[in-house]
Structure formats: C-alpha cells, structure tokens
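Take a look at the structure below.
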Amino acid sequence: MTQRNRLDTGGRIDRGTPLGFKFNGQHYQGFAGDTLASALLANGVDVIGRSFKYSRPRGIVAASAEEPNAVFQLGATEATQVPNVRATQQELFDGLVSQPTSGWPGLKIDFMGVVGSLLGRMLPPGFYYKTFMFPQAAWDTYEKYIRKAAGLGRSPRKPDVDTYDHLNHHTDVLIVGAGPTGLSAALSAARAGARVILADEQAEMGGSLLDCTDKLDDKPAAEWVRGTLQELAGYDNVLLLPRATVNGYHDHNFLTIHERRTDHCADHAPTNLSRQRLHRVRARWVVLATGAHERPLVYGHNDLPGCMLASAVSTYINRYAVVPGRKLVLMTTNDNAYRTAFDWQDAGREVVAIVDTRAYATGAWQAEAERRGLKILKGMAVIEARGRQRVTGAVVAGLTSDGNRVTGDRQILNCDTLASSGGWSPVVHLSCHTGSRPVWDDDAIGFLPGKTVQQQLVAGAVNGRYSLSDCLTDGASIGAEAATKAGFPAKPATVPFVRTRPEIGAMALFCVPHPKPNSRAPKQFVDFQTDVTAAAIELATREGFESIEHIKRYTAMGFGTDQGKLGNINGMAVAAKSLNQTIPETGTTIFRPNYTPVTFGAIAGRHCNDLFDPIRYSAMHEWHVRNGARFEDVGQWKRPWYFPKADETMQQALNRECLATRESVGILDASTLGKIDIQGKDAREFLGRIYTNAWAKLPVGKCRYGLMCKEDGMVFDDGVTSCMGENHFVMTTTTGGAAGVLEWLELYHQTEWPELDVYMNTVTDHWATMTLAGPNARKLLAELTDDIDLDRDRFRFMDWRQGTVAGVPARVFRISFTGELSYEINVQANYGLHVWETLFDHGAKYKLTPYGTETMHILRAEKGFIIAGQDTDGSVHPYDLGMSWAVKEDKPFSFIGKRGMKREDCVRANRKQLVGIKTKDPSVVLPEGAQAVDNPDHPLPVPMLGHITSSYYSACLGRSIALGVIKGGHNRMGDTVHYPLADGRIVEAEICNTIFLDPEGERQNV
Amino acid sequence: MFYLFCPYCGEHREEEEFHPRGQAHLSRPEDPDGCTDEEWGDFIYFRTNPRGLHHEIWVHAVGCRKFFNVTRDTQSYEILETYRMGSAPRITDLNDKQQSREVQA
Amino acid sequence: MQKYSGFGLLRHALTYHENWQRVWRNPKPKKKYDVIIVGGGGHGLATAYYLARVHNITNVAVVEKGYLGGGNTARNTTIVRSNYLWDEAALLYEHAMKLWEGLSQELNYNLMFSQRGVLNLGHTLQDMRDIHRRVSANRLNGIDSEALDARGVQEIVPILDCSASRRYPVLGASWQPRAGVARHDAVAWGFARAADAMGVDLLQQCEVTDILTEDGAAIGVETRQHGVIHGDRIGCVVAGNSGVLAKMAGFRLPIESHPLQALVSEPIRPLLDTVVMSNHVHGYISQSDKGDLVIGAGIDGYNGYGQRGSYPTVEHTLQAIVEMFPIFSRVRMNRQWGGIVDTCPDACPIISDTPVENLFFNCGWGTGGFKATPGSGHVFATTLATGQPHDLARPFSMFRFHNGALIDEHGAAGVAH
Amino acid sequence: MSEAVNAAVNEPIRVAVMEQLPKANVTARSPLAHSTRVVPGTIQETAGVYLWEEALRTHLAIRGNAGSADFSRGVEAATGLALPDRLQCSQSGDWSLSWIAPDEWLLIGPGKEAYAMELSLRAQLDGHYAVINLSGGQTLLRLAGPKARLVLMKSCPYDMHDRNFPVGKVVTTVLAKSQATVHRIGDEEWALVVRRSFADYVWRWLMDAGKEYDLGPRRPE
C-alpha cells in the first residue's frame, strides 16, 4: 500500500529515509520522523482495533499520550515483545513489527453487526455483579471464559534481553514539558545559572510549536524552538531530556522520569546500553508546563474510525504531513479549533463544514473562515456519526443555547473525517500525585492544579492559560520565579511576539444531546478503551452510584491504560448532569502515578538477576567453593551448608561431618556472626542493661553467653560477649540479627541512656572467624601456635587469649556451640584464608573436616543449645526456654525485658516451653514444624500443644533428636505426645530434657 | 519519597539513608518493676498515632548512625522541623507552621 | 430487594436498562439508632448486614464520611486466605473463608470470589520451617493447606522462575487451594445492598467529628453534616482512622497507621491463574479478570495518613516481581495507589470493648483485613448485638496488650546462626 | 598468655590492642583479591571510567568528643591531621582523616601502620574515646575518569554535582543496595570505602554501571 494520505511537502519527517514496518501481518512504509500512528494514517489504515466490550471497530483518535485506541503489541521476537504500546508515542524504526491487541474476533469482522445490538445491551455496567451466580460452583467455569477475553497485549514468554538503569539527579528547577511554556521557563531559569532539567515525553522538544502555524517574531515557530534549544544545550547547568516522561510526582519534590533511550532505534537495545532509564530526580522547585489535552465531544457513534480530535488532525497535517482523510466536518465549542479546518483546507482537502455549537460565534476566526469560503453552521452540533468501518457522514442538528437539547431539523453531511473539539483539559495529573485536589475553573472550563505542599509552580495551559502568547509569557515569568525561589535571582526571559486573532468565549459543552434519551440513543462513548458510554454513566447514577468514585468503579471509566485522559472530564460532566449537580460538586477522581505506563524493568533498574540483592562472602568463601560446599542463604550471606563428597547424600555428608567433629576435629567458618566492638567506661553497665544476665563481675579475659530481649520480655537475639579490657567488650550476635542488634543498642544508648560512655562499632567484617571443634582441636591448634598456652587449666573454657596462629596474630576464644573442646580463632580478615588453609595443611592427620551450618545445627541441638530465630519466634521468653540461668533478676537496673516477662500472660502455667523430643522409633526424624497433640483422634480442630523447632538425625547418638515447644512442657517430662504428619503418619514421641549428649558438659572442658 | 534534614550531618538526605523508629519523646519508666501491667503495656504498645502533627524518631542509618527527631504532618507528609536527640520540638501545633524550617544545626 | 439474575438482565436490556432500581436508599438520618456503626467500608457494612440478618437488629445506621467502600476495601489487592499460624487467627480467618463460600448467592451479588489458590513461597531454610509449621497447624485446625517443594510450585505456576540460579531460589511453598481473590468493590456493594434492603440506614457523606459520652458510656456521635445521632451501642470500624476516633473517645490504641501501597500493570492476556506471595523477596502478585497484574508488598515504616507511600517501596516490590518472574520485565506498570492500614504490634486485629462503655472497636487488621471481611462483620455483629464478644473474637481484645496475651503473627524473625 | 591478660595482673587493662599483622611473610588477601584480575578492557587511555582497589590499607575508626580541645589536639598530635569539620576530610601524604559522624572519624593510611598509629593515638588521647581497627573489614575503591560521576549517579542517591560535592568532601551514603563512604579527591577522582563482605557486590555493580562508558582498570599515571 502506498502512503496515500501523505502530503508531498511539509512536515518534520525525512522523506529521504523510508522505513519499512509491519502491522497486523501487512508490510507498510513510513518515514523517519513518523510515529507508528502517523505512518499508519499515512497509509490509510482506518481500523486499528476492536473495542473491548462491544467489539466495535476503532481508529486513531489522538496524536499523543491521550490516545485510547491505538494500543499495540510490539516486538519481532519472543523476548522483545512489549504489550500495549501506544502507536502515537512509538517512533517508527525500520523493521518495527506490531500487532493489534484487541482484534477479537478479527479486525475486519463486524461481529456486532452479525449478532445485533441486543447482546451488546446485555453488557451494561456491573452486569457481572448481577449474573453468573448460579449455581455456586459454576463461577469457576464462567470465570474461565471471562478471563479468555481479558487483557490487551501479552507478556513475553522469555526473559528480557535488555537492561534498564537508574540515574539519580538533584536539580534546582525541574521543568516538565518542553512546549512553548516549558521552553521559555527553561530559558529564564537557565540564564540565572540554576541547575535545570527540562524533560519532555516526545522525541523532539517544542510541543505544540512543532505543529503550529503561528509565527514567532514573524518567523516559523520551529525556528524559535531550534534557537532556544541551541542556547539551552550550551549551558552546562542544563540537562535536556527528550523521550522522557515525568510519570510520578512524589513527596518532597521527588519525581521519576522514564526515558526511552533506544525504543526508537530497534527492537532491542544495543550492547552495553540500557533500553530505558529511570531518572530519579530531587528538585528544589518544579515547574509544571504540562499543557492541556484537547477534549473531544461526546456524540452518537463517536467511536467510528475517522472521528478524531481536532488538534490531532492538525498535528498529523503539520508535523507529519499526513491528512487522515478527504472530507472534513469539524465540530467545535471554541475558536481555537478553527485552525484545524484551515490546516485541512491548506493541505488541499475539502472542508465540508465547521459545526460551531455557539450561536454567538461571530469574531475574527469566523471572519477568517468566511474569507476562506468555509461553511460555518452556528448553534449546531453533530449528534451522531454515520458509517460502519469508517465515518461516512455526520448528522447535524440545532442546539438550544444551553446545549441541553436538540432543536430543529437534522441534516446529514457527507464526510470521512469528523474532528471535534470541546475545549481543553489541563494536564493536572502530576499536580495530584501527592494528594492535592484539582479545582474547577469556569473560565478555563477545566480542572486546574489545586493547592499543594510541594514546591511546585504551574505555568501555561496546565494553569488554564491556553493561548500561545500567554504560554510563552507565563513560562518565562514562572521559570524566573522558580529559579529565584531556588536561590538564583532571575528575570523573565524576553519572549517572542505572536501575531494572533482574538478569541471569543468557548462554550461549556461535553456531551452533545440526542433527540432520543441517552439510554436509547446511538452509543455515545465517553471512555473508548473501557467502552463506557454516557448511558452507562447515567445508569450508574440511576442505580445509586452517586459518588464519582463509585461511578468510576461501577462503570470502569478511566481504568484503561490511558487512565481516562480523554474521557474523564466528559464522564464527570455526564454524571453531574444526571445528578443535577455542577461539575465541581461532582468532583473528580484522583490521578495517581504513573502519568503513562512505565516498564517494570525500568523501575527495577539494575537490581535484578545477579545484582538483585547483595551477596555477602566471608574471607574463606573461595575455599568453600573449591571444596564443593553447598550454600545456605542466611540474611544476605552465603554460608556453607554442608560439604558433600562425591556421591554422598546430604544425610551421609552430615553424618560424616558430625562424627568427625565429635571423634576428632571439625572446622566451621563462623565469620558471619555479628561482632560489635564496645569501648568506654560504661560498657559493662550498658551490657547489664541490655542483656538479661549479669555482667558486673566478668573479668578481663573471660567470655559469657547472653540473651537479649525486647521490652516485652521475648528473646530476640543471643551470643557470646567477651571482656577484652575493663572498658572494652566484643559482642557477638546472630548472623541475621547483626545490623538490627547494633541499631537497637544505639537506639537505647542515644535515646535512653546518653549519659553512658560507650562507643559501638561493627567489626563483623574485620575478623575472620573459624571454629575448631572436637577432641583433637587442642592438638591441632598447638601445632600452629607457640605463644598461646593451651593448657586446659590455664586456658579454660570461656576464656580468651591473644597470640599467634599460623603466623598471624589472633584472638582465640575457648567457647563452644557444639559441646566439644572448641576454639574460635579470630584473625584480621585479610589473613583468614591463610590461617584456614594452614589449619588444613596440618589437619590431615586429625582428619580435619569442614562442616557447615547444618552440622553445626545438629551438634548444638545434641547439646540443647537454642538458635534464636529458629527455636524462638518472638513469643518466647528465657523462662519458656528453660534458661532461667541466663536471667539475673536482682541486677540494680531493671534490664530490658525484665518487666515484660512478668506480665500476667507471661507467668501463667501452661505456656509453650522448650523441651527435648525423642521419637519412640529412633529412626524416625520428625519434620520441623510438626505440631504435637495429646489425642490424635480428636475431631478437627485438634487442640495443639506446640511445634517442633529443630529436628535432626544424630549420627553420634544413632537416633533422631528434636527440640520443640510444648504447653507446660517443663512439667511433662516423660509424657508421650503425638505428631500427626501430612502424609497420614502419626509419630509417637516422648518429652525429654533438651540436652541429649554429655549432660555434665565434660567434653568441652577436656 | 522523603527528603530529611539530618541535624548531625547538616544536610538534606534521601529517605533511603534513614529508618523511621516510631513516636518520639517516649521515655522508659524510671521504675519498670513498679509499673502495673497496664502501665507497662501502655509504654510498649500504645501510641498517639495522630493524623496531623507527629513527633517521631528517625535514624540516619546509612550515614552518621545518629537518631534524631522529626516533626512531621502525617497527612501532608510535610517535614516541619528536625532536631537533635534531647532537645524539644519548636513546633507543637500545626498552626505554628510558618516558623517551620528545619533547624540548621 | 430487586433480584439479580441473567434472566433479569435480559429483561432490563429489552427496556434499555431504564428500570433498574437503586441499589440502596439515601435515607435521612434518624435521631436515634439501636446501633451506630462508624465506617462504611467492607467490615462496617458486613457488620450491619449480620446485625440485621443474624440478630434481627435493623435499627442500625452505618455512618460513612465519604462513600461506601471507599477506604481500604477499594484499595487492597483482594487476596482471601485463611492459612494463618496461630489457632486464634486461623480460626477467625477460616470462619471468614467459610462465609465467603456461598456469599455471592446469599447476597445475590456476584462477588467474583475466585478460589484459584494462594502460594506462599519459601526461599530459605527458615522460610521452609515456618511453612511446615504453619501447614501442620492449619491441617489440624481443619484448614486446607499443603507444603510443596520447588517442583510442586513449578507445576502450579509454570511461569515462575524456580531455577536454582536465582538470588534466593524458590525452595517450596505453602499452598491453600481454597484461597483466592474476590472483587473488592462488589463486596462492599453487595453487603450494602443487602443491609439496606433489611432496613439499615447507610449514611454517606456523614463524618463523625466526636463521640458523645455520658458517665463513661457512649451515647452517640456528633457528625459534621447531620449533627448529633444517638445510639445505644457504637461500633467503630474505621481502618486507617481508628486512632483518630479513639482520641475522640479519650483513649489510645496499640495501633499505628501506615501507608500500604499496591500497583497494577496494564491489562495483559491472562497467564497467571494463582496468587503468588513471597515474604522473603517481598512481593505478591495475582492477575485480575481484567488482565491487570495486581501487585503489593510491605508497608512503609513511618506513620502516614496520606494514602500514598514512598517510591522505594514500589521499586523494591517490582524488583521482587521481576526476580520471581523475569518474563514480566517488559510489562508496564499502569497505576499505583496507597491505603492506610492500622497495624497492631502482633499483626492481629482488635475486636474489642474499650475503656468507654457501649463503645466497641474493630480495627488493627493491618494488611490482612479484606480477607476477613465477612468473618469480621459476623463476629463484630455479635459483640454489638449482645455486648459480649463472639467466642472467635474473644482473644482479640485490646486489653491483651496489657496482660501480654499477644497472638504474634509476625512469626519467626527468620534469623539463624 | 596474652599481653592483655598478663598486664591485667598488675594494672587493669582498659582496652585490648594488638598488632594484627603477621611478622612472618604471610600473603594477605584483600576482599577483592579474586576480582581485580578480571577488570575488562585494555585500552586505558580511552576509557570513560577507571575502577581499581587500593587494597590492604590501614583503616581506623576514631571515636571521641569533637568539642573537646584535648581530643582534637590528641588526634592531630598522633596523626598530623586536623580533625576535619562535618563532611570534610583532612589529608596529608598517605594519610587521610574523614568525618563520618559527629563523634566518629575514619583514618586511612599505609597498610602496615595500623598498630603503631593506634598506639600513638591511645598515647595522645584520654577520657572517653575509642579507636577501632577496621583494616580487615573494609577496603578502598578508586573510581576515576570523565564518566566516574555518572557511574556514581547510577549508584547513589546523593547529589554528586560539583556545586554540592566539591573536591575534599566526604559523604556516607547508599550505594546500590549497600553503602559506601564516598570521598571526592579530585575533579575526576573518587575514593569509596566499602565493607569487606559487600565488596564483591559493589565491585560487580560498579563494573556493570561502567560498562556503558567502556570501564577500564587503573588509570594510567
């Protein structure tokens, strides 16, 4: 097909660069500078989709972000599919592949023509609430069919091949929109030296100036645009962002800008370049120069292809050199739209008539029209369009002066294009994102930005100042004001002179009346994408949905991907009329981010795949990888979980690791435990307040285990803290709890007890920590140190010593989480790998065996040691854990948690208490999480006693062991309880002491 | 997204550097052991939770690690002042907004 | 009440839909009611409905400052499930689940309650322990619940990336087949219509400015638009504003109001038929019957009444979604919004008497209120009808925050050595 | 028996201080020892941005009361550096002293001198103060080149513009999902202090962010 609607001259397209593209399986050609929409119109493609609910043919209506119909699937390959791209915003590139998204049953098949209009009438708003209820079970089936019809485009089925990134900015003035207002605002602000960001959603900056036929200083508008952009580009304090939509306005002047960096080049981005970028901008002052969208008029069959916005018709002619038809009827409520008729005529096509709804329309624009020989029908309106696949005619009738009724005879005008203009709707969206309500303005016949707490100024058409010269002047002065407020005293830039015709007042008309009531009139569409009609809105109000929010929700008005940019105001007007209210009384719904849709990937940025979340490594990580470790995620850390040898199952590996440790010596990388260095003369007092146990007398050189509670008395972390000096302690925390504990300590220090002299710093990463455990631990360590006396009585359990291990200065703590003779070696992390490897160099004769978190868990469970976060869940206090030995009630200071654990519910009998659990069948390992019951035959719901918190097969004991909580468990030693499992088994088990191995603790003291 | 003035760093910083830590100016009872369950429960759980002016604690977690106070309108999210631990708010009524500027510590 | 059916729809279609009746009246307030319910959201309307239907108390007003169902009912991601950990919570939510089943028919209003199943993913060993614990408890409480491994998850959601190469691979999930989603507006409207039909007065655009008391007992409310309205008993069901109402009555609640955000994609062809939730990578997602991906995550950490939250939360949420579903990277986000949730320290609601006699509160549902709507209304109706809590509501007294009998649904902190 | 405990017998040890570096010839491994080899690119002159690790330096945190003249005098006496003001850095030769918090500074210097410097600080200081050796727990990254600022803008929410971030300023801020102390040391020269366990993540992040600008290894002198 040729570009039959393309003009031979004019426009901002490059006829020397033809671009081939595909739509709906057909090949077409456009030019560089086209949008997909302008190229389709150039090729005379009328029907580009079918409507969602009624399957009516639809064409292109608008030329930018407000387009409701031309919403396509893009992408040449599976991985580059993009759903729901607005053709008016997609620049054409060579090889572009697009598909309609709403072509059911097919673009060319007139489904409704076949089945008649009754089925259409079966779909009033809310019909699904009223039907599909019987029988109850059938909804599932109904829903399957409803879901078949859902959605527009489709998601790709393959992962994205492109990347996205973020760029953070801070600026003095952010100007949104680079039309006449934004450009002159930018000039004022930039000249004053303020940091300025000017963002515009289109490929070319200039906005309406790019399709405007007015002269600025007697020169074409585009020349002024070029000059202005050149000047702005010359300032290093100015950032120009074309193809960048400011889509969200958040608190404290934080705005997000979605830049499409490569969508105009090809199906996917070039290597090393992100496809799209999200700019995160903190602006001192924001100037909204977002302009206004033209508002179409609502009339019968106004959704036929060929019905367009007047300004869009002008844009296609002037900017893209495309005349989207032959014979135009223009309906308008205002003078401004007369340009469209003039543009059409200047393009050499026929203007059938200008239908002006105002009987009083007599002024300069009308005089010009008459001079051009154009027919004006005053005080009249198009009440319905005629045609099937495209407009073939317009039915015109007289209007009463209030616009409420049709009068006089009807006449039919033959035409293929029906442009309408109901005036302008300021693009107030961004101004509403932080909760400000827009305010109706009768002069502007639209909502203007309301009061806000943001540092925001508005200029030009968004503020109801629609004329070009007003926009330029307003922009210049608001731009200067913004710069001044941001600390850069500025004068308004001089703006070019615009020769214009005076305009007479516009008429507030939204929905053109029809001789029939709306319920019986031809469908008058308010929201095209969601197929909401004037009749539907009236029906909603008739049914009692009177709030505009109810109307919106009941009819789905504004819920499309265009978020009702074209239709919302008309919908409110229809609702207001139906409720006998004014539009401000009816109110508006709230605009929310995004202004236009934003790619998930762009919002996620580079925080995906390998960079989704930090991966933290210990200094010995490489060794673990080399030695076949399987890893466990603990917080952000990767910890070795176990070290399987070839062909070993997990259980076999664990058995081997456990036995090796108990029989000889094992080693664990414990570097991930949180470590907090505490210095200051009150460090000891501080510890006494935040731990439940006593710290007053712990001598230098000794270590102690401590429990930490919240004010409610519930355990939240634990660990060993060592006294390094009178004024110096090193605390250890759980791996996952480290950051939280430090912040918790600081909270108390800084807010409650600032008088205590303590300084706390994390040293988690500074020390590499390796735990040698097992009867041969001492022998092995002795081989690597000559300055630490390892004698059992001089370096005792819970002591720490300083010395040298494998040639590296170390702190060695004789503490044990396994119940074995155990030394925790700490060296500066840069030497961790060296010491670790040296231990292995010497360890072979002791069969030194690396073990991971799982073996550690088993070994400690054999000893009945808890893991905070596994055996506790924020609802158990130290007494529940049977750890009264770790609570010192008579400390002078009422430590954190003390009062909490004395509350009525915390001291009752029958609390869930931590006990040991032994299955009657020693080979059965209870699943962690299994719930105990006394009577497994009890009907549902079965009263439960508590769950298994830890459960393992213990190779050392040759049987399963478990820890769990049981109601009143401390007084039920020896009782039998039952664990009904998901697979139907019921496991019998006995309540026992939590310590399964070496109850006297002899092994750690050897 | 908030932009908070850290009274210790003397600069506005992005919300991502901070954590909110709830209502400010709560103090731990002098004698917890002498509190009734009700008094203790009130201390740890019950909050004013106002719509409007709220004094709250934030910590400059990724930054100087200092806790400080913020007076904020919980409806408009306007920050009316930020001030150091241990000092009192200057704004205790939304009508005092005009004097609202962050304390430039 | 006008009966809704497919046949009725056809009849109305023939008369151009000109004869539909109002779904509810716009009544003038009476001077006095037996019960005043403050708050015309889903929970308040359900309470009114069950007061009338179960307790035959119809001299009831629902006082709503805006429009019916305009608060969190209209702002949530519509997930309905009952697989809670603790007995008290599980039994309450399961009570609600049983009411959901058949509610469309009972109300003669299609709530589009779709039992398409909910997956709660586990990504760490501790996640899996918690899942097994919860599933085990659920089953003994008579709630359908299964623990799945990664392969089982993959079978249910083929488009979820369950590969071991993810940052936090999916290790398994809990699966509640009876769980699902419902159409949120329909819930409010369905209850409203049915309550109105039984004589309940629904007073929209009627804002309570004070709670009137006499001798320590509540006797009515002062309203901005209609002055004083008296009531024998007053129930406040004003999620997001409970603290403000409590202040009027002169007491504080163990509640903080936080912004909770949600967002939707543009409508796309259906490809996700279940609800997928992940606490660990922190996002949840389902696809509506319109084709939108409906997405949510956690609350913002600060108090806020602004019905909007912070942008980083949106970023983190979408990062989580793209991490779980890399194929959604090119799908686009259409809209975000926020609600105000009342959060309790133990993540469980308050259904309770208060220090003021005849004044009752139903609040603190946090992020989980929608799923409880019928159950919450049903048990709170008992409280308002009898002055005594329903057995299922008894553990949810606000005074548990004094004696310490919390029901800590935050669950395990997820830390380990 | 350790010196600390030995000494405790006679005079109470207040704080445990130790030489943490081996006397023997032991290879130290910086947190990025595994990654520095894999920086892509060889055409060093044309790279828009350069990234490298200055491994194994001395990192000491110093805590104390900035308002106390004794404290600032003591720090200066030991380090030769004046206590810097808020968000500033004092520099002299191989040593730099950066403001971290109102009561915290970060001293970075030659790798082998941590112990001597800590002793010297402790000799000069009195009252309530602390010195914490963090040399193993963090590392120093260098970012340079005409596009270095853009890489930082991709990574940090802080305002990196000349007007807000002049040479000499130091800021601790968010870097991707981790954090860094960022010091501008020249027009196109930045130093980043990051925690050891996060170093690999930060490194991979920066390499990724620099891809677009043809990231190269250490800038030619």
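Residue numbers (the working numbering), protein chains in the order written: chain A, 95 to 1100; chain B, 154 to 258; chain C, 14 to 430; chain D, 549 to 769. Beta carbons are placed, not taken as given, at the ideal position from N, Cα and C, and that holds for glycine. These figures come from a predicted structure and were not determined experimentally.
A862 of chain A (DSSP reduced to helix, strand or coil): strand
List the residues of chain C whose Cβ lies closer than 8 Å to the Cβ of N688 of chain A, in chain order. M346, N347, R348 and Q349
Shorter than 8 Å from the beta carbon of E760 of chain D to some beta carbon of chain A? yes
Near G304 of chain C, which residues of its chain fall below 7 Å by C-beta distance, leaving aside the five closest residues on each side in sequence? P280, I281, R282 and P283
Taking only three categories from DSSP, how would you classify W350 of chain C? strand
Start-end ranges of the beta strand (DSSP E) lying completely within the stretch 320-361 of chain A, minimum 3 residues: 332-335, 338-344 and 348-354
When A:A698, A:V416, A:A231 and A:E956 are compared against T326 of chain C, the one with the closest alpha-carbon: A:A698
Minimum Cβ-Cβ distance from L172 of chain C to chain B less than 8 Å: It is Ile, not Leu, that sits at residue 172 of chain C in the sequence shown. Not closer than 8 Å to any Cβ of chain B, the Cβ of I172 of chain C fails to qualify, so no.
Here's the rule I'm using: 16 or more other beta-carbon atoms within 10 Å means buried, otherwise exposed. How should K759 of chain D be labelled? buried
So which residues on chain C does F348 of chain A lean against when the C-beta distance must stay under 8 Å? Y324
Closer than 8 Å to chain B by CB, D345 of chain A: yes
Boundaries of the alpha helix (DSSP H) in which D104 of chain C is found, first to last residue: Reading the sequence as shown, one finds Leu at residue 104 of chain C and not Asp. First-last of the alpha helix (DSSP H) with L104 of chain C: D100 to W113.
Which of the three DSSP states, helix, strand or coil, is assigned to M337 of chain C? helix
What does T86 of chain C touch in chain A if you count any residue whose Cβ is under 9 Å from its own? Chain A residues near T86 of chain C: none, gap ~11 Å exceeds 9 Å.
For R562 of chain D, three-class secondary structure by DSSP: coil
Would you say G8 of chain C lies against chain B (beta-carbon separation less than 8 Å)? Since the first and last residues shown for chain C are 14 and 430, residue 8 of chain C lies out of range.
Measuring from the CB of I334 of chain C, is there a heavy atom of the ligand ZN at a distance below 7 Å? Within the structure as shown, the ligand ZN is missing, as the structure has no ligands at all.
Are the stretch 853-873 of chain A and the stretch 197-217 of chain B in contact at 8 Å, needing three or more beta carbon pairs? no
Among A:G968, A:G901, A:V589 and A:G300, nearest to T409 of chain A - alpha-carbon criterion: A:G300
Please work out which residues of its chain come closer than 7 Å, Cβ to Cβ, to D1024 of chain A, disregarding the five sequence neighbours upstream and downstream, and give them in chain order. Note that residue 1024 of chain A corresponds to Ala in the displayed sequence, not to Asp. So the qualifying residues of the chain are H1041, I1042, Y1073 and L1075.
Can you find the residues in the same chain that come closer than 6 Å, C-beta to C-beta, to V586 of chain D, ignoring five residues on each side of it along the sequence? The predicted model places V586 of chain D with a pLDDT of 47, which falls under 50 and marks its position as unreliable; any figure quoted below should be read in that light. No residues qualify anywhere along the chain.
Are the beta-carbon atoms belonging to H971 of chain A and C803 of chain A less than 8 Å from one another? yes
In chain C, which residues lie with their C-beta within 8 Å of the C-beta of A1076 of chain A? V148, S149, R152, E159 and A160
Take every Cβ of the stretch 383-394 of chain A, pair it with every Cβ of the stretch 267-279 of chain A, and state whether three or more of those distances are shorter than 8 Å. yes
Would R248 of chain A pass as an interface residue toward chain C - the criterion being a Cβ-Cβ separation below 8 Å? yes
Tell me M402 of chain A's beta-bridge partners as DSSP assigns them. A:A513
If you reduce the DSSP assignment to three classes, tell me which class M701 of chain D lands in. helix
Same chain, Cβ closer than 7 Å to D762 of chain D, neighbours up to 5 away in sequence not counted: G589, T594, A595 and G596
E325 of chain A to K219 of chain B, Cα distance in whole Å? 45 Å
CB G194 of chain B to CB F341 of chain C, shorter than 8 Å? no
Cα separation between G110 of chain A and D440 of chain A? 24 Å
Among A:A1026, A:L334, A:V902 and A:L1091, whose alpha-carbon lies nearest the alpha-carbon of L1051 of chain A? A:L1091
If I measure Cβ to Cβ from V794 of chain A and keep anything under 8 Å in the same chain, skipping five residues before and after, which residues do I get? C817, M818, G819 and E820
What separation, rounded to the nearest whole angstrom, lies between the Cα atoms of K702 of chain D and L654 of chain D? 25 Å
Which partner residues does R720 of chain D have in the DSSP bridge list? For the record, residue 720 of chain D in the displayed sequence is Thr; it is not Arg. DSSP lists D:T729 as partners of T720 of chain D.
Drop a sphere of 10 angstroms on the beta-carbon of H1032 of chain A, count the other beta-carbons inside from all chains shown, and report buried for 16 or more, exposed for fewer. exposed
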